[in-house]
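Working notes for the structure below.
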Amino acid sequence: MTIAPAVRSGTTQRLSLTSQPVLRQGARGPSVSTLQQRLRAHGFNVSVDGVFGPNTAAAVRSLQQRKGLGVDGVVGPRTWAALNASATPAPAPGGGGNPTLRQGARGAAVTTLQNRLRAHGYGVSVDGVFGPNTANAVRSFQSRHGLSADGVVGPRTWAALNGAGGVLPPVGGGMQVTGYVNGSPRTISISSVGNGKYLRTDAAARFNAMKAEAARAGISLSVNSGFRTMEQQRYLYNLYLQGRGNLAARPGYSNHQGGLSADINMPGGYSGSTYRWLRANAGRYGFVNDVGGEPWHWTFRG
Ligand SMILES: [Zn+2]
C-alpha cells in the first residue's frame, strides 16, 4: 500500500489574505491579483493580471455601489471586507435587498431607505446619498420605534421601516426615485408599465394607453427594461465594458435612467409585426425608436 505525498496547497491563498493594502487605479502587484480574484468570485469578469486598470476600477465601483459603500473606486478596509465576504449573485434589476446602511452610503439601497422614510412622514430628499439629513431622520425614526437611535440602518430598523406605514407614497400616482438626465440626478416619479418595469409617470401613462391599443390589434408590448437605477446602469455598463453585454450608455447618461426609454420585446426585429405596428402608431403616443440597430429601444419624447 502506498501513501500519496501530502500536496502543499493553499499557500497562495494564505499569503493573499495577509496582504490587503489600500489599492487604487495604477497599482500593480500580487495584492492587485488578489483583488482581481476576489472580484471574479463576485461575478466580475476582470482579468487577473496584477494591474489595476480601468476595467478593475469599474468593477470595484460597481461592487461598492452594490454593497452600499462609498463609490470611489478605492479599495480600502471596508471594500476589502465586502470582497472577502461570501460572494452574492449580481443584483436583479429592481432588487438590491436591504443591506446595513450608515451615513456615507450611496446607491439604490439608500434610495429605497429614503422612500421608506418619506412613507413614514420624513421630508428627506430621495437622492441615493445617505447624508446628515437622512441620518437625522433615521435616528428620529429609531427613537420613535423604540430602537436604539444610532443612525445605522440594520435588520431591525429595516423591519420597522418596512412595517405598517412603510408602503411607498403614492405621490402623483408614482414612486419617487432618483433618475439621471445628462449626468445630473433628479427626483422623478415612476409608474408601472407591467412586467415589473417602470417608466416616468407621464411616459408610463402614454405607454399604457399605447399598449392597450396595440393589444386590440393583437400586438403585445412587453417591456424588458424600463427605468434603471444608477446601480443597474453601472452594472450593465460594466458588462458592456467587459464585452459581456449589449451596448450601454455611460452611467448617468442613459435615457433609461430618466425613465424615458423602454426596451420592448421585439420578435422578428425590424421585420416583425411588433416593430411595424410601433413604427405606424408609436408617434401618436410620443415614442420614437431613437437608437440605430436597436429596434427594441423606444424613447418618450412627449
Ligand atoms: Zn434601451
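Using the numbering used here, count along the sequence shown one by one with no gaps and you end on 324. A virtual CB, placed ideally from N, CA and C, is assigned to each residue, including glycine.
Given this structure, state the Cα-to-Cα distance separating residue i from residue j, to the nearest angstrom.
i           : j           : result
residue 174 : residue 125 : 8 Å
residue 61  : residue 68  : 7 Å
residue 186 : residue 310 : Confidence is the limiting factor: at residue 186 the pLDDT is only 46, short of 50, which leaves the residue's position unreliable, though a coordinate-based value still follows. Straight-line Cα distance between these residues: approximately 41 Å.
residue 114 : residue 201 : Note that residue 114 scores 34 on pLDDT, short of 50, meaning its location in the model is unreliable; the coordinates nonetheless yield the value given after this. About 18 Å.
residue 190 : residue 155 : Low confidence applies here, because residue 190 scores a pLDDT of 39, under 50, leaving its location unreliable; read the following figure in that light. About 19 Å.
residue 105 : residue 53  : 13 Å
residue 122 : residue 283 : 32 Å
residue 238 : residue 227 : 17 Å
residue 291 : residue 315 : 9 Å
residue 324 : residue 312 : 14 Å
residue 194 : residue 183 : Caution applies to residue 194, whose pLDDT of 43 falls short of 50 and renders its modelled position unreliable; the value that the coordinates give is listed next. Roughly 22 Å between the two C-alpha positions.
residue 55  : residue 252 : 28 Å
residue 63  : residue 86  : 15 Å
residue 247 : residue 145 : 30 Å
residue 180 : residue 153 : 18 Å
residue 59  : residue 256 : 20 Å
residue 264 : residue 84  : 13 Å
residue 120 : residue 177 : 8 Å
residue 245 : residue 169 : 41 Å
residue 321 : residue 134 : 26 Å
residue 75  : residue 48  : 6 Å
With a threshold of 7 Å between beta carbons, is residue i in contact with chain E?
i          : result
residue 88 : Checking the listed chains, one finds no chain E in this structure; it contains a single protein chain.
Using the DSSP secondary-structure output, state which residues sit across from residue i in a beta bridge.
i           : result
residue 197 : 212
residue 220 : 214
residue 207 : 202
residue 8   : For the chain, the structure presents residues 23 to 324; residue 8 sits outside this window and is missing.
residue 73  : 50
Where does the unbroken alpha helix (DSSP H) through residue i begin, and where does it stop?
i           : result
residue 81  : 76–88
residue 160 : 154–166
residue 302 : 295–303
residue 182 : 177–184
residue 131 : 130–141
residue 283 : Taken as a continuous stretch (DSSP letters only), residue 283 belongs to no alpha helix (DSSP H), being part of the beta strand (DSSP E) at 283–286.
Hey, could you find the ends of the beta strand (DSSP E) residue i is sitting in?
i           : result
residue 97  : Note, residue 97: premise wrong, no beta strand (DSSP E); not H, not E.
residue 320 : 319–322
Count the C-beta pairs between the segment 293–303 and the segment 257–270 that are closer than 8 Å, then say yes if the count reaches three, no if not. Note that the segment 293–303 does not touch the segment 257–270; fewer than 3 beta-carbon pairs, one per stretch, sit closer than 8 Å.
I'd like to know if the segment 199–214 and the segment 231–238 are in contact, where contact means that at least 3 CB-CB pairs between them fall below 8 Å. In short, these stretches do not touch, since the Cβ pair count stays below three.
Contact the segment 126–137 vs the segment 88–100: 3+ CB pairs below 8 Å: Counting C-beta pairs closer than 8 Å gives three or more between the segment 126–137 and the segment 88–100, which meets the contact rule.
In chain order, each alpha helix (DSSP H) run of at least 4 residues that lies wholly inside the segment 244–291: For the alpha helix (DSSP H) assignment, the uninterrupted runs of no fewer than 4 residues enclosed by the segment 244–291 are, from N- to C-terminal side, 252–263.
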